[in-house]
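**Q** Have a look at this one.
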Amino acid sequence: MNRHVVIIGGGFGGLEAAFSLKELLPSACTVTLVDRNAFHFFIPSIHEIVSGKTSAESIRIPFAAMLGPTGIRFVQDEMLALDRESREVRCRNTTLQYDYLVLGAGAENNFFGIAGAEEFSYCFRRPDDAEGIRNEVMRLLEDPVEPCHIVLAGGGTEGVETAGELLDLIKKEGREDDLKSGLVSIDLIEGRERLLTTFPAKAQDIAEQYLRDRGVNVLTRHAIVEVRNNAVLLDTGERRHAAVLVWTGGIQPPAMIRTLPLQKDRHGWLLVTDRLHSPDDDRIYGIGDAVSISGAEGPLPLQRLAHHAQDQARVAALNIANQLEGRDLVAYSPKNKPQLISLGREMGIFAQEGRVLSGPWVVVLKKAVERKYLMACLSRPVSSALGARIPGAGFVRRLRMRLFR
Ligand SMILES: Cc1cc2nc3c(=O)[nH]c(=O)nc-3n(C[C@H](O)[C@H](O)[C@H](O)COP(=O)(O)OP(=O)(O)OC[C@H]3O[C@@H](n4cnc5c(N)ncnc54)[C@H](O)[C@@H]3O)c2cc1C
């Protein structure tokens, strides 16, 4: 009997789950991918839109073009609710019946209830957010007398990488001297002791020193307590000008996930077992940023990263195939891969398990990873469609995934 798998979210996790399922079970299941957007975004490069090195168009790929050749159905819609009794996903415009459901809805900005934060800041999660920031910064930089005060709220990867891109943009526009005089400024505000708290100390030192040396005001151990039009107030009582405020500080589970009739952890992330299905329902899988995984020894301490979302997607797809074929489910175990950060065109940081390297070559490497990913997005539909026509391809794929998961 042909089963229907519905996947919510076409980000790194959801897209990988769709391709993997189609490759594992070419004819045994129908796959529908639902996303509220018409495009898949390569989010890790959106900071480069701010400096103009990358355009929004070059990192967004239409789902229709990608999924068309594979037989994966795409529905542009927004999931609002779930009815577990009738196995139905309620979307804004349609209702979908599922046999298996994969939730890969990602995360959304967390403004931590700070007054004015949502109203007066730019989010930083989509290419058009980055385009809006670039347009506003350019408008200010093109006027030689108007002050251009930029505040980045949050000194994690997004804040640090955006600071690097803004430095490149200011240099390109010939406004470096104004960075010294204070007519142009970049404040990078972080509540914790250091920037890049999830990285080794050496990476933190490199980033802080590099940005400070080039004129960024790195304010660690400073918290924003209120945001007003054109200003932020800090916990020290200080008021900083903010003609452009970019919110790079923290994420939370999407509101839709928080309302589902399924177990969540204490922060509202969807709880899944190490087999990646909900403890309440083994036909509902969760992957990527939206989930918290509870392993045999408690919650897995995982950063929310693209490669984890993809690995989880492959395990979830494999487990759906295992369930359909009456096999045991396999456990997900995280793999550590290097993390690459760019601080503009001249400096990058490579970090893996305590090892830290830096230099412009990291920026080149990061670009190569992006190109490889985008090329795979374009070529994979063709290889998936071909694979589906070759007898035994699903079996080989399954064997490979079992062995190299
Ligand atoms: C600025 C930035 C830079 C980053 N840089 C890196 C990096 O360098 N390296 C790295 O590994 N990770 C990076 N990350 C993290 C990485 O992007 C995430 O870990 C990854 O995108 C998670 O994949 P996902 O599939 O869980 O969610 P996402 O990729 O966020 O995808 C979620 C999808 O679900 C859709 N969706 C959400 N709710 C609904 C709904 N109700 N109905 C229908 N569709 C819905 C969204 O439209 C979206 O397409 C970065 C993140 C940001 C914001």
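Numbered according to my numbering, the sequence shown terminates at residue 844, and the numbering increases by one at each position without gaps. C-beta atoms are modelled at their ideal positions from N, C-alpha and C, and glycine is treated no differently.
#1: Beta-carbon separation of A467 and L699 under 9 Å?
#2: If you scan the segment 606-658 from start to end, which runs of the beta strand (DSSP E) of 3 or more residues do you find wholly inside it?
#3: Taking buried to mean at least 16 other C-beta atoms within 10 Å of its own C-beta, is E558 buried or exposed?
#4: Which residue's Cα is closest to the Cα of Q778: L804, R784, A755, I759?
#5: When burial is assigned at 16 or more other CB atoms within 10 Å of the CB, is V821 buried or exposed?
#6: Are the segment 564-579 and the segment 479-486 touching, with three or more C-beta to C-beta distances below 8 Å?
#7: With a CB to CB cut of under 7 Å and the five nearest residues on each side skipped, what residues in its chain are close to R523?
#8: Ligand 1 and N532: does the residue's C-beta get closer than 8 Å to at least one heavy atom of that ligand?
#9: Please state the DSSP three-state secondary structure of C816.
#10: Residues in the same chain with beta-carbon distance under 6 Å from Q643, minus the five sequence neighbours each way, listed in chain order, please.
#11: Ignoring anything shorter than 3 residues, give me the beta strand (DSSP E) runs that lie fully in the segment 501-574, in order along the chain.
#12: Where are the beta strand (DSSP E) runs, 3 residues long or more, that stay fully inside the segment 680-736, in chain order?
#13: Quick check: the segment 578-587 against the segment 670-679, are at least 3 beta-carbon pairs closer than 8 Å?
#14: Under DSSP, the beta strand (DSSP E) around S845 begins and ends at which residues?
#15: Which value, in whole angstroms, describes the spacing of the CA atoms of S459 and I788?
#16: Could you spell out the range, first to last residue, of the beta strand (DSSP E) harbouring E665?
#17: Looking only at its own chain, which residues have a Cβ that is under 7 Å from the Cβ of V445, when we skip the five neighbours before and after it?
#18: Give a single yes or no on whether P586 has its beta carbon closer than 8 Å to a heavy atom of ligand 1.
#19: Tell me which residues share the same chain as H747 and place their Cβ nearer than 7 Å to its Cβ, disregarding the 5 neighbours each side in the sequence.
#20: Can you name the start and end residues of the alpha helix (DSSP H) that G452 belongs to?
#21: Tell me the DSSP bridge mates of H588?
#22: Mind checking P692: buried by the 16 CB within 10 Å criterion, or exposed?
#23: On the CB-based measure, 16 or more other CB atoms within 10 Å of its CB, does G453 come out buried or exposed?
#24: Under three-state DSSP, which class holds D582?
#25: Excluding the 5 residues flanking W708 on each side, which residues of the same chain have their C-beta closer than 8 Å to its C-beta?
#26: Between A457, E809, S797, Y561, which lies nearest to V489 when the distance is taken from Cα to Cα?
#27: Could you tell me the distance, in whole angstroms, from the CA atom of D616 to the CA atom of A477?
#28: Hey, would you say the C-beta of T637 is under 8 Å away from at least one heavy atom of ligand 1?
#29: Decide if the segment 643-660 is in contact with the segment 505-512; the criterion is three or more beta carbon pairs, one per stretch, under 8 Å apart.
#30: Starting from A745, trace the beta strand (DSSP E) both ways and give me its first and last residue.
#31: Leaving out five residues on either side along the sequence, give the residues of the same chain with a beta carbon under 7 Å from the beta carbon of T687.
#32: According to the Cβ coordinates, are A770 and G734 closer than 9 Å?
#33: Buried or exposed for H706, please, with buried defined as at least 16 other CB atoms from any protein chain shown within 10 angstroms of its CB.
#34: State the start and end residues of the unbroken beta strand (DSSP E) segment that holds F481.
#35: Please state if the CB of L580 and the CB of L608 are separated by a distance shorter than 9 Å.
**A** So, from the listed chains and residues:
#1: no
#2: 623-629
#3: exposed
#4: L804
#5: exposed
#6: yes
#7: P700, D720
#8: no
#9: helix
#10: R633, L634, L635
#11: 512-515, 518-522, 527-530, 534-536, 539-542
#12: 683-686, 709-712, 720-725, 730-734
#13: no
#14: The requested residue 845 is not part of the displayed model; the chain covers only 440 to 844.
#15: 32 Å
#16: 663-667
#17: T471, V473, V528, L535, Y537, L540
#18: no
#19: L741, P773
#20: 451-463
#21: S624
#22: buried
#23: buried
#24: coil
#25: P692, I696, A729, V730, S731
#26: Y561
#27: 42 Å
#28: no
#29: no
#30: Run containing A745: none in the beta strand (DSSP E); it sits in the alpha helix (DSSP H), 745-763.
#31: F563, L591, A592, G593, G595, E597, G598, T601
#32: yes
#33: exposed
#34: First-last for F481: undefined, no H or E at that position.
#35: yes
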